[in-house]
Amino acid sequence: MEDLSDVIVRSVWGGSWVKYDWVPAVGSAAGILLIWDDRSLEDFDDKVKEWWTSYGVSGTPSFHLSKKLKLLKGDIIRWNKEVFGRVEVKMRELMHELGDLERGEWARELDESEKERLGEVKRDIVELAIAQETSWWQKSRALWLKEGDSNTKFFHRVAVANRRRNFIESLVVDGVRIEREEEVKGAIVGFYENLYKEEVSWRPTLGGIEFNHIGEGDSKWLERAFEEEEVHEAVSSCAGDKVPRP
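If you count by this note's numbering, then the sequence shown holds residues 52 to 297, one letter each, in order.
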């Protein structure tokens with residue numbers, strides 16, 4: 052399980068700062084895989100201790116514990132928003148800085164510190180984008196796992212929304228609205244048939260200008276059928292949460 056978890060984690064969210072832990076499945080209950088960015092949690096233990104000792108609560112031991120846990124929950128929620136909730140703001144700041152550095156690179160040669168910073172910004176953008184994608188994926192999966200595909204409002208809303216989004220009620224063709232199913236199908240097919248048709252017309256010539264080109268052998272190699280090893284390598288290189296496509 053440890054090896055499998057490591058493969059899954061690296062395929063979803065790479066980086067030396069990524070930490071994870073897992074809870075094995077028990078009976079019919081599925082296991083849980085937890086993934087987090089260790090850089091943002093370096094001082095989390097100290098913060099929890101600081102918050103916990105700062106709560107001045109009096110009363111019975113049970114009330115004391117319940118009240119402090121409630122206060123701690125509020126502090127953790129606020130901390131989460133401050134540390135992770137500004138992802139969009141951080142991304143805009145990084146993209147703005149990247150634009151400034153790249154415009155400077157076009158105008159002149161960057162010095163060593165600027166080149167180093169340019170590399171850091173690009174790496175931060177990639178890591179932040181991966182973190183965003185992982186967060187969205189985890190949130191969508193959490194809701195789906197919570198409400199599942201049972202006979203719930205959530206399931207029916209998703210099913211109806213998908214069906215409605217994929218359904219074309221009518222089309223306007225040459226200023227005329229058509230609604231019959233067969234006519235809509237015919238209009239769509241006709242649109243794409245005409246889209247890739249080419250009308251014969253005059254074209255400019257290159258006037259004998261020679262361009263570099265690949266040889267006949269390379270040209271035939273590019274048009275050959277895919278080998279089984281190539282297909283297997285392409286499919287194996289896909290991320291663990293992606294569905295292989297042609």
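We put the CB at the ideal spot given by N, CA and C, even for glycine.
| If you drop the 5 nearest sequence neighbours on each side, which residues of the same chain put their C-beta closer than 8 Å to that of Leu161? | Excluding five sequence positions before and after Leu161, the CB atoms of its chain that fall closer than 8 Å to its own CB belong to Leu152, Gly155 and Leu169, given in chain order.
| query | Does DSSP put Asp225 in a helix, in a strand, or in coil? | reply | It is coil, neither helix nor strand.
| said: Using DSSP's beta-bridge definition, name the partner residues of Val74. | reply: DSSP output for Val74 lists Ile83 as bridge partner(s).
| request: Out of Lys173, Val223, Ser164 and Glu167, point me to the one whose CA is closest to Gly150's CA. | output: Of the candidates Lys173, Val223, Ser164 and Glu167, Lys173 places its Cα closest to the Cα of Gly150.
| At which residues does the alpha helix (DSSP H) containing Lys118 begin and terminate? | Taken as a continuous stretch (DSSP letters only), the alpha helix (DSSP H) holding Lys118 covers Pro112 to Val134.
| So Asp151 is in the alpha helix (DSSP H); what residue range does that whole segment cover? | Annotation: the continuous alpha helix (DSSP H) that includes Asp151 extends over Val138 to Ala158.
| the region 102-109 / the region 117-132 touching (three or more Cβ pairs under 8 Å) | Cβ pair count under 8 Å is three or more, so yes.
| query | Secondary structure at Val99, three-state DSSP: helix, strand or coil? | reply | It is helical.
| request: Check the C-beta distance from Trp102 over to Asp126 and give it rounded, since I have them as a contact under 8 Å. | output: Cβ-Cβ separation between Trp102 and Asp126: approximately 5 Å, consistent with a contact (criterion under 8 Å).
| In whole angstroms, what separates the C-alpha of Glu279 from that of Ile265? | Rounded to whole angstroms, Glu279 and Ile265 show a C-alpha spacing of 25 Å.
| query | Grouping DSSP H, G and I as helix and E and B as strand, with all else coil, what is Gly268? | reply | DSSP places Gly268 in helix when its eight states are reduced to three.
| task | Could you tell me which of Gly226, Tyr243 and Leu222 sits nearest to Glu233, measuring between CA atoms? | result | If we check each option's Cα against that of Glu233, Leu222 comes out closest.
| request: Specify the secondary structure class of Ser287 as computed by DSSP and reduced to three states. | output: For Ser287, the three-state secondary structure derived from DSSP is helix.
| Beta carbon of Ile260, beta carbon of Val235: below 9 Å? | Inclusion of Ile260 and Val235 in the CB contact set at 9 Å is not warranted, their separation being larger than that value.
| query | What does a CB cutoff of less than 8 Å around Leu123 pick up in its chain, not counting 5 residues either side in sequence? | reply | The answer, listed in chain order, is Val99, Trp102, Trp103 and Tyr106.
| Alpha-carbon spacing of Gly226 relative to Tyr247, whole angstroms | Roughly 22 Å separates the two Cα atoms.
| request: With DSSP as the reference, label Phe242 as helix, strand or coil. | output: Looking at Phe242 - three-state DSSP - the assignment turns out to be helix.
| Cα-Cα separation, Glu167 to Glu178 | A straight line joining the alpha-carbon of Glu167 with that of Glu178 spans about 17 Å.
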